[in-house]
Every structure is written in structure tokens, then in C-alpha cells.
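Q: This is the structure I want to talk about, given as C-alpha cells.
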Amino acid sequence: MISSDASQAIAVRHRPLTVPLVGQLVDLARADWDREAVARLWDTFGWGAGPVPPARLTGTGHPLMPSDEDAGGHTAFFLEFAYHHPDADDEYGEDFLGAEFPWPDWPETLAGDAAAAAFAKAWADAEEVIIAALGRPEVRYTQDTGPDGWNFAAWRLGNRALVLAQGEEFSTYGELEMAALWLVPHPAAAPFPAGPDFYDWLVRPSQGRESHGA
Numbered sequence: 000m001i002s003s004d005a006s007q008a009i010a011v012r013h014r015p016l017t018v019p020l021v022g023q024l025v026d027l028a029r030a031d032w033d034r035e036a037v038a039r040l041w042d043t044f045g046w047g048a049g050p051v052p053p054a055r056l057t058g059t060g061h062p063l064m065p066s067d068e069d070a071g072g073h074t075a076f077f078l079e080f081a082y083h084h085p086d087a088d089d090e091y092g093e094d095f096l097g098a099e100f101p102w103p104d105w106p107e108t109l110a111g112d113a114a115a116a117a118f119a120k121a122w123a124d125a126e127e128v129i130i131a132a133l134g135r136p137e138v139r140y141t142q143d144t145g146p147d148g149w150n151f152a153a154w155r156l157g158n159r160a161l162v163l164a165q166g167e168e169f170s171t172y173g174e175l176e177m178a179a180l181w182l183v184p185h186p187a188a189a190p191f192p193a194g195p196d197f198y199d200w201l202v203r204p205s206q207g208r209e210s211h212g213a
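This is the structure we're talking about:
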């Protein structure tokens, strides 16, 4: 059990993205999203079942969460790579990132001045990895949600988009923040939503869904 002293509590968990992983996600974005086609692609990648269904665990140890399926198959995906608990002396967040965290080999940052900076750097490093694979994002935006805000960047992939985003972690009902890579439908000719509408557009299909928690 992690110490209840806030100076010892875990405030950030982070597993960096890699260029090969981004390439696999781009392949997924461009594939057919019916259930059988996606399952075949996951088998090709070697992505097995995650510890919390219906997540898939990538070769890099990241959970890929499919959206709720419609009659034709999957409608979106997101892959979490960083978690941040802004109030690290809160026991709930301490347990979630400590004793109850399902991937204990993820590197950690303890509470203190370095925590928010570590979460911001996790997003910025991920953006550089994606830029190495896809070039500069079409859209880059920061939403005013507090001292540091939430950052977003989006790349267009035909009739879908790859979005790098910070935001609320769903299974903790906003107690924690997460940084994640999303694959979502978006018409090739349509502009991306502007300003505060961007986050609402991104998460609307996923509101109320669980992430990696029970």
C-alpha cells in the first residue's frame, strides 16, 4: 500500500508511446471496423485480451479500449498512456494509481511540484512521437480547465481522425485525468470542431463508459 503521506503518494503513471505503436494504430484507423476484421488485425498485431475486458493489451503494454459496438461493429477506440491525480493526498486516487493500478510496471511520479509537469511532458512527448510518424497535426488546441489546461492535437486519416488528448479519466468519474490517443470517425471534408466544442465532440460517444477501472 502506498503511504498516505501526500509527498509519497503516486500522482502520475505514464508509459510512453512508440513510433511502431502509432503505426499500428494508424493501420487500425484505416481498417474496416467490423468485429471480425478488427479481431483479425489485433491477432496480426499480437494484441491479447487485457486484464479488464473489453480492453486489448498492445505489445507495448498499453490498454486499447474499443467503444461500445453498434450493429455494424466498433465505432471508436482510445488508448491511455498517462494518468494524473491532481489531488494526490486523496485516498481514492492514491489507491487507484498505487495498490489497485492494473499495470504496476508503468513508471510513476510521486506527488509534488514535478507531478503536473510530468503529466504535461507525457502529452508533449507523445505529440513528438506522432509527428515523427504523421507530420504536424492539423489542429492543436488547449482548453482552459485550470492552471495547465487540457491539450489536444488531431491528425486526419481519411474519414477518421487520430486525436491526442488530455481529459477526464472515465472510470474514476473525473477524479483523475488521463492522456490518451483516440481513433474516431470524422468526415474527410469536415472541419474539426473549434474551441470548447472539441472535447465534447471527442468524448460524446464514450460518456459513461468505463476505462480501466471496475
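Number 62 in this note's numbering belongs to position 63 of the sequence shown; there are no gaps in the numbering. Even glycine gets a Cβ: it sits at the ideal position worked out from N, Cα and C.
1. Could you work out which residue in L175, W181, G194 is closest to Y82 when comparing CA atoms only?
2. Have a look at R12, E167, T171 and flag the residue whose alpha-carbon is nearest the alpha-carbon of D199.
3. Going by the beta-carbon positions, is the gap between G97 and A8 smaller than 9 Å?
4. Does the Cβ of N158 have 16 or more other Cβ atoms within 10 Å, making it buried, or fewer, making it exposed?
5. Check each candidate in G47, G148, E79, E127 and name the one with the smallest Cα separation from A116.
6. Should V51 be counted as a contact of the ligand FAD given a C-beta to heavy atom distance under 8 Å?
7. For M0 and D124, what's the separation of their Cα atoms in angstroms?
8. List the whole-angstrom C-beta distance separating H73 from W102, where the pair is believed to meet the contact cut-off of C-beta under 8 Å.
9. Alpha carbon to alpha carbon, what distance is there between D26 and V183?
10. Considering Cα atoms alone, identify which of Q23, A114, F100 is closest to P85.
11. Here's a check: name, in chain order, each residue in its chain whose Cβ is nearer than 8 Å to the Cβ of P192, leaving out the five neighbours to either side.
12. Only counting the same chain, and skipping five residues up and downstream in sequence, which positions put a Cβ closer than 6 Å to that of V11?
13. Taking buried to mean at least 16 other C-beta atoms within 10 Å of its own C-beta, is L28 buried or exposed?
14. Classify I9 as helix, strand or coil using the three-state DSSP reduction.
A: With the structure as the only source:
1. Indexing the sequence shown from 1 puts residue 82 at position 83. The residue with the shortest Cα to Cα distance from Y82 is L175.
2. Here the question's residue 199 lines up with position 200 in the sequence shown. Ranking R12, E167, T171 by Cα distance to D199 puts E167 first.
3. In the sequence shown, counting from the first residue as 1, residue 97 sits at position 98. In the sequence shown, counting from the first residue as 1, residue 8 sits at position 9. A contact, by the Cβ cut-off of 9 Å.
4. Residue 158 sits at position 159 when you count from the first residue of the sequence shown. Counting Cβ neighbours within 10 Å, N158 comes out exposed, since fewer than 16 surround it.
5. Numbered from its first residue, the sequence shown carries residue 116 at position 117. Measuring from the Cα of A116, the nearest candidate turns out to be G148.
6. Among the components of this structure there are no ligands whatsoever, and the ligand FAD is therefore not found.
7. Working through the sequence shown from its first residue, we reach residue 0 at position 1. Working through the sequence shown from its first residue, we reach residue 124 at position 125. Because M0 sits at a pLDDT of 28, beneath the cut-off of 50, its placement in the model cannot be relied upon, and the following sentence gives the value as read from the coordinates. Distance between the alpha carbons of M0 and D124 is about 30 Å.
8. Translated into positions along the sequence shown, residue 73 becomes position 74. Translated into positions along the sequence shown, residue 102 becomes position 103. Between W102 and H73 the Cβ distance is about 23 Å, and since that is not below 8 Å, they are no contact.
9. In the sequence shown, the residue the question calls residue 183 occupies position 184. In the sequence shown, the residue the question calls residue 26 occupies position 27. For V183 and D26, the distance between alpha carbons rounds to 13 Å.
10. Indexing the sequence shown from 1 puts residue 85 at position 86. Checking every option, the nearest Cα to that of P85 belongs to A114.
11. Along the sequence shown, read from residue 1 onward, the residue named residue 192 stands at position 193. Here the set comprises D199, W200.
12. Position 12 of the sequence shown, counted from the first residue, corresponds to residue 11. Here the set comprises H83, T108, A114, A117, F118.
13. As a working mapping, residue 28 is identified with position 29 in the sequence shown. For the sequence presented, residue 28 should be read as Ala rather than Leu. A28 comes out buried.
14. Working through the sequence shown from its first residue, we reach residue 9 at position 10. If DSSP states are grouped into helix, strand and coil, I9 belongs with the strands.
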